[in-house]
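Peer 1: Attaching a single structure in structure tokens format; questions to follow.
Numbering (this note's numbering), first residue to last: 18 to 453.
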């Protein structure tokens with residue numbers, strides 16, 4: 018993750034080059050070496066596992082250069098839409114290292130995956146029936162079934178995917194469900210993978226481990242039922258929450274493996290190939306968002322800094338501030354960290370609705386017009402998945418490389434132009450509704 022000195026160096030270079038300033042008042046930054054270090058930490062934690070595919074969850078950062086970096090570092094890719102599939106292929110992931118997950122795959126998506134040899138996890142038994150009809154006899158795709166172990170909810174309900182009523186997977190505790198799952202495998206010798214995902218942010222490791230232990234137990238049960246070792250791989254999903262409170266990386270991938278080992282050591286004995294789908298935990302702490310403070314005002318005795326980083330880049334934080342708080346730092350216009358006495362102040366975004374506030378009464382050095390505010394730990398799900406409210410252009414994103422005392426910014430996504438906003442909004446059909 019970037020240290021404070023590296024953040025300041027990146028800001029100085031960004032303002033010097035003009036990629037952050039009046040013309041581009043918000044931008045995202047990715048620490049290139051930090052990403053590689055996080056991948057290494059993941060690989061080291063699983064180094065004792067004989068066969069494992071680490072597939073990055075593309076939804077966490079759907080930017081082709083970032084995905085290419087991850088592929089170069091040895092990752093596979095987990096995708097959940099036709100767009101994400103296309104991004105993964107464009108980034109250079111071989112089809113056999115791509116895993117397709119989605120609760121609503123169309124026949125076209127299934128057909129494409131089966132043709133290319135992309136692995137896919139069926140979300141439900143009805144989807145298995147579609148695969149029956151679409152699967153070529155010579156398909157190279159590894160095919161699995163997603164189940165919901167229904168082990169409960171974490172502290173963020175919307176991020177918990179193993180609840181009693183989750184939309185994902187076959188709900189195992191429902192009457193007759195386990196029997197139907199066993200029979201589905203018995204009837205399909207090509208169905209060789211079992212998948213579950215308990216959740217990530219807000220889900221404690223013991224809850225995650227409980228769900229994955231149930232997955233392993235079900236695999237053993239199915240293999241015994243069909244009378245052969247048909248299930249050969251287990252997709253463990255993602256499931257590592259991120260600490261947004263400070264710079265500490267906790268829990269670590271080693272912590273994750275230890276908790277799983279304590280509750281189900283057979284998960285790692287080599288009987289099954291393992292697949293992981295980490296996203297946020299690999300990228301969040303390796304990125305930050307920076308925005309210009311446009312105005313500072315007072316309302317009801319409270320100081321408010323109006324910036325260019327709001328719900329369009331921090332959607333979850335704005336709408337669920339207690340669940341998704343972000344750390345902020347204030348900087349002068351050249352990127353230097355401000356060190357003046359702190360005062361409580363709101364840090365608001367540019368969108369035209371009252372709730373567009375990323376921090377309420379946050380203790381920060383008094384922000385002034387022209388200063389910069391940094392939202393830390395936003396390398397995943399923030400600037401890479403912007404919301405188009407108020408037709409604001411998507412911000413530019415830059416990789417940051419620190420080498421021999423120099424800081425280099427590398428374009429990852431070009432800032433969207435206003436012409437691009439207009440074009441995206443149907444300009445080529447401008448007269449379509451008034452033409453007789």
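Glycine included, C-beta positions come from ideal geometry on N, C-alpha and C. These numbers come from a predicted model, not from an experiment.
Can you tell me the Cβ-Cβ gap for residue 320 and residue 290, rounded? I've got them flagged as a contact below 8 Å.
Peer 2: Contact flag wrong, Cβ pair sits at about 55 Å.
Peer 1: Measure the CB-CB distance between residue 406 and residue 329 and report whether it falls below 9 Å.
Peer 2: Yes.
Peer 1: Would the stretch 245-259 count as touching the stretch 323-340 if we require 3 or more Cβ pairs under 8 Å?
Peer 2: Contact between the stretch 245-259 and the stretch 323-340 is absent, because fewer than three Cβ pairs lie under 8 Å.
Peer 1: Look at the alpha carbon of residue 404 and the alpha carbon of residue 281, and state the distance between them as a whole number of angstroms.
Peer 2: Going from the Cα of residue 404 to the Cα of residue 281 covers about 41 Å.
Peer 1: Examine the Cβ distances between the stretch 428-446 and the stretch 412-419 and report whether three or more of them are shorter than 8 Å.
Peer 2: Counting Cβ pairs under 8 Å, three or more are found: they touch.
Peer 1: What residues in its chain sit with their C-beta under 8 Å from that of residue 373, if we drop five residues either side in the sequence?
Peer 2: Taken in chain order, the residues that qualify are 327, 328, 335, 365, 366, 367.
Peer 1: Taking DSSP's pairing of strands, which residues face residue 95 in a bridge?
Peer 2: Per DSSP, 74, 116.
Peer 1: Are the beta-carbon atoms belonging to residue 323 and residue 345 less than 9 Å from one another?
Peer 2: Going by C-beta atoms, residue 323 is not nearer than 9 Å to residue 345.
Peer 1: Is residue 32 helix, strand or coil when you go by DSSP?
Peer 2: The answer is helix: DSSP assigns residue 32 an H, G or I state.
Peer 1: So residue 362 is in the alpha helix (DSSP H); what residue range does that whole segment cover?
Peer 2: No alpha helix (DSSP H) holds residue 362; the beta strand (DSSP E) holding it covers 359-365.
Peer 1: Is the Cβ-Cβ distance between residue 271 and residue 72 less than 9 Å?
Peer 2: Contact flag unset, no.
Peer 1: My assumption, with CB atoms under 8 Å, is that residue 140 sits in contact with residue 186. Please give the rounded CB distance.
Peer 2: Correct: roughly 6 Å between the Cβ atoms.
Peer 1: Locate the beta strand (DSSP E) running through residue 324, then write down its first and last residues.
Peer 2: Start and end: 319-324.
Peer 1: Assign residue 41 to one of three DSSP states: helix, strand, or coil.
Peer 2: Coil.
Peer 1: Are residue 113 and residue 134 closer than 9 Å when you measure CB to CB?
Peer 2: Closer than 9 Å, so yes.
Peer 1: Can you round the beta-carbon distance between residue 161 and residue 138 to whole angstroms, since I take them to be within the 8 Å contact cut?
Peer 2: Going by Cβ atoms, the distance from residue 161 to residue 138 rounds to 4 Å, so yes, they are a contact pair.
Peer 1: Quick one: which unbroken alpha helix (DSSP H) runs of 4-plus residues sit fully inside the stretch 228-287? Chain order, please.
Peer 2: Whole alpha helix (DSSP H) segments, 4+ residues: 270-280.
Peer 1: Can you say whether residue 396 is buried or exposed, counting buried as having 16 or more other CB atoms within 10 angstroms of its CB?
Peer 2: Burial call: buried.
Peer 1: Apart from the five residues on each side of it in sequence, which residues of its chain come closer than 7 Å, Cβ to Cβ, to residue 107?
Peer 2: For residue 107, where only same-chain residues beyond five positions count, the Cβ hits under 7 Å are 81.
Peer 1: Any idea what DSSP makes of residue 157, helix, strand or coil?
Peer 2: Note: residue 157 maps to coil in three-state DSSP.
Peer 1: Starting from the C-beta of residue 435, find all residues in its chain whose C-beta is less than 7 Å away, skip the five residues before and the five after it, and write them out in chain order.
Peer 2: Here the set comprises 410.
Peer 1: If we ignore side chains and look at the alpha-carbon of each, how far apart do residue 229 and residue 214 end up?
Peer 2: Residue 229 and residue 214: Cα-Cα distance of roughly 8 Å.
Peer 1: With DSSP collapsed to three states, give me the class of residue 217.
Peer 2: DSSP places residue 217 in coil when its eight states are reduced to three.
Peer 1: Would residue 46 and residue 75 qualify as a contact pair, given that the criterion is a beta-carbon distance under 9 Å?
Peer 2: Going by C-beta atoms, residue 46 is not nearer than 9 Å to residue 75.
Peer 1: So the beta strand (DSSP E) residue 396 belongs to, where does it begin and stop?
Peer 2: From DSSP, residue 396 is part of no beta strand (DSSP E); its letter is neither H nor E.
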